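41 is the number of the first residue of the sequence shown in our numbering; add one for each residue after it. Even glycine gets a Cβ: it sits at the ideal position worked out from N, Cα and C. If you're wondering where the values come from, they're calculated on a predicted model, not measured in any experiment. Everything below concerns the one structure shown next.
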Amino acid sequence: MDLGRVSQKGLSLVELMVAMVVGLFLTAGIFSMFVMSATNVTTTSQFNQLQENGRIALWLIERDVSQLGFMGDLTGIGLEVGTNLDINAAAVAAGNDCIGDGVNNSSFPAPVPAHFRRLWGYESGVSANSLSCLTSVRSATDVLQIKRLAGPEVATPNDSNRYYLATNSQQGVLFSGDQTAPVITNGRYWEYLHHVYYIEDEAGTPVLKRRVLRNGGMKTSASYEQLVEGVENMRVLYGFDSNGDNSADSYMPVQNVTDLMWDNSLAQRVVSLRIFMLIRSLEADSSYINNNSYTLGDKTIVAPGDNFRRKVVSTTLVLENPIISAN
41 MDLGRVSQKG LSLVELMVAM VVGLFLTAGI FSMFVMSATN VTTTSQFNQL
91 QENGRIALWL IERDVSQLGF MGDLTGIGLE VGTNLDINAA AVAAGNDCIG
141 DGVNNSSFPA PVPAHFRRLW GYESGVSANS LSCLTSVRSA TDVLQIKRLA
191 GPEVATPNDS NRYYLATNSQ QGVLFSGDQT APVITNGRYW EYLHHVYYIE
241 DEAGTPVLKR RVLRNGGMKT SASYEQLVEG VENMRVLYGF DSNGDNSADS
291 YMPVQNVTDL MWDNSLAQRV VSLRIFMLIR SLEADSSYIN NNSYTLGDKT
341 IVAPGDNFRR KVVSTTLVLE NPIISAN
């Protein structure tokens, strides 16, 4: 036999099977690493999304709450129509307004001898009272209403879609941007705000929304603002000072707040808020099942065994000047 002319023309069956087995192990390992990497990316991305959405939602409300009670030069003074306040703006029709519970809780102060409520809230589907302007609020979520002036002062109030308040230390005039700005001695102009925060479902996704006062009411096309997607629940605890030291002695849910407390009557007045939000991921993750429990202040929410991740975010907000706001 001519050994010099012998050549190998292929693999034996055993060699081929060994190579296939090794290849399968390598492929399985690479695929497993890929799946783990993809899962980690999804998990990290969703946690980052939860954190960011929660941060933005709290920040938006914090800006309003921190300025609660600010009424320009009339801060700390009760607004009384016909005494220190004139209203030149056309009245907002009840059907277009967001009117809360109480004698004096519309967008504009009413000519009645009752406290004008700049802060008010309720729990949708649970509280006895609600805002008729909201019809699709997510059940068992809190609604928060705030009225204040926006700073800095406005040099020329000419936005026809907004309302303004002209003030000095003794009087104020409420008017709309399409009216001639009233002239009062040493007066300044401020934009007047009425905001309502609530949660509503859109195509299966819970969304934090805000209703804002615009010229003509709070049901115009310009009065709806979509703020943050994925906010599934909101809980507000109201901090009341009962011993006059300007700090909260107790925090309570809206169901425990009485009419007298809303009106800062007797020896109790609200000086701070604790706000809790349950944030839900926007996309489901089929590799994850959520049966966790989440505590929002005084209540606990149990996830329904779905594929959405959740996170609770919270903050405590002190009214900017509870001493001045006491009046």
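Asked                                                                                                                                                                                        : Found
Count the other CB atoms within 10 Å of the CB of residue 58; is the residue buried (16 or more) or exposed (fewer)?                                                                         : exposed
Nearest CA to the CA of residue 111: which residue from 124, 100 and 102?                                                                                                                    : 124
Just to confirm my understanding: we take residue 291, look at its own chain, exclude 5 residues before and 5 after, and list those with CB closer than 7 Å. What are they?                  : 277, 278, 279 and 314
Return yes when the Cβ of residue 269 is within less than 7 Å of the Cβ of residue 245, no when it is not.                                                                                   : yes
So, are the CB atoms of residue 304 and residue 328 less than 7 Å apart?                                                                                                                     : no
Using the Cβ count rule (16 or more neighbours within 10 Å means buried), how would you classify residue 64?                                                                                 : exposed
Which residues in the same chain have their Cβ closer than 7 Å to the Cβ of residue 54, if we skip the five residues on either side of it in sequence?                                       : none
Expressed to the nearest angstrom, what Euclidean distance is found between the alpha-carbon atoms of residue 206 and residue 197?                                                           : 10 Å
Looking at the secondary structure, which residues open and close the beta strand (DSSP E) in which residue 241 lies?                                                                        : 228-242
With a threshold of 6 Å on Cβ separation, who are the neighbours of residue 218 within its own chain once the five nearest residues in sequence on each side are excluded?                   : 200
Nearest-angstrom Cα distance between residue 365 and residue 176?                                                                                                                            : Confidence at residue 365 is low in this model, with a pLDDT of 48, below 50, so its placement is unreliable and the value that follows should be read with caution. Computed Cα separation, rounded: 32 Å.
Compute the Euclidean distance between the alpha carbons of residue 233 and residue 190, then round it to the nearest angstrom.                                                              : 7 Å
Can you tell me which of the three DSSP states residue 327 falls into?                                                                                                                       : coil
Taking the beta strand (DSSP E) that residue 292 falls in, what are its first and last residues?                                                                                             : 290-292
Three or more C-beta pairs under 8 Å: does that hold for the region 234-244 against the region 168-185?                                                                                      : yes
If you draw a straight line from the C-alpha of residue 66 to the C-alpha of residue 248, how long is it?                                                                                    : 48 Å
Among all the DSSP beta bridges, which residues are the ones paired with residue 302?                                                                                                        : Answer by DSSP bridge pairing: none, since residue 302 is not bridged.
Please work out which residues of its chain come closer than 8 Å, Cβ to Cβ, to residue 294, disregarding the five sequence neighbours upstream and downstream, and give them in chain order. : 161, 162, 163, 167, 182, 276 and 278
Out of 122, 267, 203 and 308, which one is the CA nearest neighbour of residue 147?                                                                                                          : 203
Name, in chain order, the residues that DSSP records as bridge partners for residue 190.                                                                                                     : 231
CB of residue 261 to nearest heavy atom of the ligand SAM: below 6 Å?                                                                                                                        : Annotation note on the ligand SAM: not contained in the displayed structure, which lists no ligands.
Starting from residue 261, trace the beta strand (DSSP E) in both directions and tell me its first and last residue.                                                                         : Residue 261 -> no beta strand (DSSP E), and no H or E assigned at all.
For residue 245, list the residues DSSP reports as bridge partners.                                                                                                                          : 242
Report the option in 158, 140, 136 and 288 whose CA atom is closest to the CA atom of residue 261.                                                                                           : 136
According to DSSP, simplified to helix, strand and coil, what is residue 95?                                                                                                                 : helix
Give me whichever residues DSSP pairs with residue 273 in a beta bridge.                                                                                                                     : 318
Sorted by chain position, which residues of the same chain lie with C-beta nearer than 6 Å to residue 170's C-beta, five sequence neighbours on each side aside?                             : 162
Helix, strand or coil for residue 338 per DSSP?                                                                                                                                              : coil
If we require 3 or more residues per run, which beta strand (DSSP E) segments fall completely within the region 114-186?                                                                     : 125-127 and 159-163
For residue 41, is the classification buried or exposed, using 16 other Cβ atoms within 10 angstroms of its Cβ as the cut-off for buried?                                                    : Residue confidence for residue 41 is low, a pLDDT of 48 falling below 50, so the modelled location carries little weight; the figure read from the coordinates is stated next. Its Cβ having fewer than 16 others within 10 Å, residue 41 is exposed.
Using the beta-carbon count (16 or more within 10 Å), is residue 97 buried or exposed?                                                                                                       : buried
Look up residue 310 in the DSSP assignment and say whether it is helix, strand or coil.                                                                                                      : strand
Tell me whether residue 86 is buried or exposed, calling it buried when 16 or more other Cβ atoms sit within 10 Å of its Cβ.                                                                 : buried
What would DSSP say about residue 359, mapped onto helix, strand or coil?                                                                                                                    : coil
Kindly identify the DSSP beta-bridge partner or partners of residue 354.                                                                                                                     : 316
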